[in-house]
Amino acid sequence: MFPIKEIRKDFPILSRKVHGKPLVYLDNGATSQTPIQVIDVIVDYYSNYNANIHRGVHNLSQEATDKYEEARHKIQNHFNAKHAHEIIMTSGTTESINLVAHGFASLLDKGDEIMVSALEHHSNIVPWQMLCEKTGAVLKVIHMNDEGELVLTEYSKLLSNKTKLVFVNHISNALGTINPIELIIEKAHQVGAAVLIDGAQACPHVKPDVQALNVDFYVASAHKMCGPTGVGMLYGKEAWLNKLPPYQGGGEMIADVTFEKTTYAGLPHKFEAGTPNICGGIAFGAAIDYLNAIGFDNIAAYEHELLEYATEKLMEIEGLKIYGTSKNKTSVISFNIEGIHPYDIGTILDKLGIAVRTGHHCAQPIMAYFKIPGTVRASFAFYNTKEEVDILVAGVKKAKMMLA
Ligand SMILES: Cc1ncc(COP(=O)(O)O)c(C=O)c1O
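Okay, so the sequence shown: first residue is 1 according to the UniProt record's numbering, each after it adds one.
Right, here's the structure in full:
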């Protein structure tokens with residue numbers, strides 16, 4: 001049995017009230033909550049060994065450096081990267097994608113093609129459009145169907161020897177679709193294109209193995225995985241990271257500096273200019289430990305139960321439509337009620353203590369496909385319960401009654 005009662009005790013925030021009602025937190029797709037085990041690591045850092053890393057001979061600096069590099073190793077092991085220096089610490093998924101897009105500016109020629117999917121978050125669209133503006137490369141789009149799945153026959157046709165890079169999310173934040181990334185990677189490699197997978201939404205639910213996937217770049221954010229905000233990772237194959245130029249200049253990323261010429265540090269420091277989010281990086285490692293202690297198979301099985309239960313209950317509400325109906329999806333339910341604006345439903349749910357997200361979820365092309373302004377999105381984590389699903393369903397019924 002999944003130890004849900006014990007797990008909920010790890011999250012202090014889950015016992016607070018909002019508008020006098022117990023908090024029902026169903027906005028995990030935006031950011032996850034933080035267990036006490038991770039909060040303790042943050043408090044310990046600032047209480048006991050706060051210091052700048054990699055630069056000091058003094059004891060505190062050494063301790064902080066060791067813990068920070070230990071966290072890099074935890075991330076390496078978690079994603080099964082071959083080398084620790086293939087893990088670049090960043091401020092999150094957005095920065096990781098921008099880093100790669102910046103690097104590809106020196107590798108693309110006018111007329112080269114790069115490919116995005118219709119299911120992407122804006123962070124996996126806009127940096128590539130900026131890259132196209134800089135280089136004259138052309139952005140191609142893999143379209144989706146009414147279930148919110150990518151049309152793979154079309155993908156095969158779009159690929160050619162002009163395709164240099166394909167970037168697709170592992171799981172869609174707006175719809176929850178799990179994309180067949182193994183196939184996407186294999187087909188891209190057949191034409192010599194590199195692949196970046198945006199794992200921001202996948203990493204709270206699954207444990208990706210970057211070597212088994214044979215993926216070139218994989219990116220994620222700690223704050224969606226029970227870690228703090230402002231920290232994340234970029235995995236890149238060593239050969240690719242060596243090909244890309246530095247993203248930012250500054251301290252820490254250099255070997256030697258004179259006014260005539262600067263030489264750069266090796267991996268991973270070449271991409272880590274300036275003082276990083278030291279505490280955040282260490283806490284990211286602790287969050288990975290926490291999730292692995294529960295086990296990703298256990299998390300997936302429990303969340304699947306929640307998804308099935310919530311889908312069934314919500315579908316009983318007349319006029320409610322779910323967007324994203326792929327069989328292969330994670331615990332995200334995006335929905336609308338006929339004739340009611342999603343924002344209004346979200347506002348009433350908030351008054352009942354229920355936190356959901358409303359709007360376009362930084363995925364306007366998906367909303368344009370469905371010809372809607374946005375949706376209400378309930379995104380479940382392993383610390384949510386069926387009782388909370390019942391509260392959500394009752395809240396949506398109440399909102400419908402008040403607004404219809
Ligand atoms: C699929 C996806 N990609 C990228 C991002 C951006 O992540 P961050 O804001 O942590 O950089 C998000 C955030 O919601 C996301 O869901």
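Positions of the beta carbon are idealized from the N, C-alpha and C atoms, including for glycine. Only a predicted model underlies this, so the values are computations on that prediction, with no experimental measurement involved.
query                                                                                                                           : result
Touch test, the segment 291-307 against the segment 248-255, Cβ-Cβ under 8 Å, three pairs minimum                               : no
Opening and closing residue of the beta strand (DSSP E) in which residue 94 lies                                                : Unbroken run through residue 94 is the alpha helix (DSSP H), 93-104; no beta strand (DSSP E).
Segment contact, 8 Å Cβ cut-off, at least three pairs: the segment 264-282 with the segment 86-98                               : yes
Assigned secondary structure, residue 174 (DSSP; H/G/I helix, E/B strand, else coil)                                            : coil
Residue 226 CB to nearest heavy atom of ligand 1 below 8 Å                                                                      : no
Delimiting residues of the alpha helix (DSSP H) encompassing residue 15                                                         : Neither: residue 15 is in no alpha helix (DSSP H) and is coded neither H nor E.
Cβ pair residue 330, residue 303 closer than 9 Å                                                                                : yes
Residue 168 to residue 59 span [Cα, whole Å]                                                                                    : 43 Å
Three CB pairs or more closer than 8 Å across the segment 323-343 and the segment 368-388                                       : yes
Per-residue DSSP class, three states only, for residue 134                                                                      : helix
Outcome for residue 19 when other beta-carbon atoms lying within 10 angstroms are tallied against a minimum of 16               : exposed
Ligand 1 heavy atom lying under 8 Å from the CB of residue 132                                                                  : no
CB contact flag (residue 394, residue 345, <9 Å)                                                                                : no
Cβ separation of residue 224 and residue 203, assumed to be a contact under 8 Å, to the nearest whole Å                         : 6 Å
Cα-Cα separation, residue 208 to residue 402                                                                                    : 44 Å
Beta-carbon gap between residue 99 and residue 291 smaller than 9 Å                                                             : no
Assigned exposure category for residue 170 - 16 Cβ within 10 Å defines buried                                                   : buried
C-beta neighbour in chain B for residue 242, strict 9 Å                                                                         : Annotation note: the requested chain B is absent from the structure, which comprises a single protein chain.
Coarse secondary structure for residue 243, derived from DSSP in three states                                                   : helix
Residue range of the beta strand (DSSP E) that includes residue 221                                                             : 217-221
CA-to-CA distance, residue 392 to residue 17, given in whole angstroms                                                          : 15 Å
Buried/exposed call for residue 201, threshold 16 Cβ in 10 Å                                                                    : buried
Ligand 1 heavy atom lying under 8 Å from the CB of residue 198                                                                  : yes
Beta-carbon gap between residue 247 and residue 222 smaller than 9 Å                                                            : no
Nonlocal neighbours in the same chain, by C-beta distance under 7 Å from residue 65, ignoring five residues either side         : 53, 54
Residue 32: CB within 8 Å of a non-hydrogen atom of ligand 1                                                                    : no
Cβ contact (3+ pairs, closer than 8 Å) linking the segment 274-283 and the segment 121-131                                      : no
CB of residue 14 within 9 Å of CB of residue 33, strictly                                                                       : yes
Sequence-distant residues of the same chain with beta carbon closer than 7 Å to residue 384, five excluded per side             : 26, 306
Cβ neighbour criterion (16 or more within 10 Å) applied to residue 93                                                           : buried
Cut-off 6 Å between Cβ atoms - residues of its own chain near residue 217, not counting five sequence neighbours on either side : 100, 196, 236
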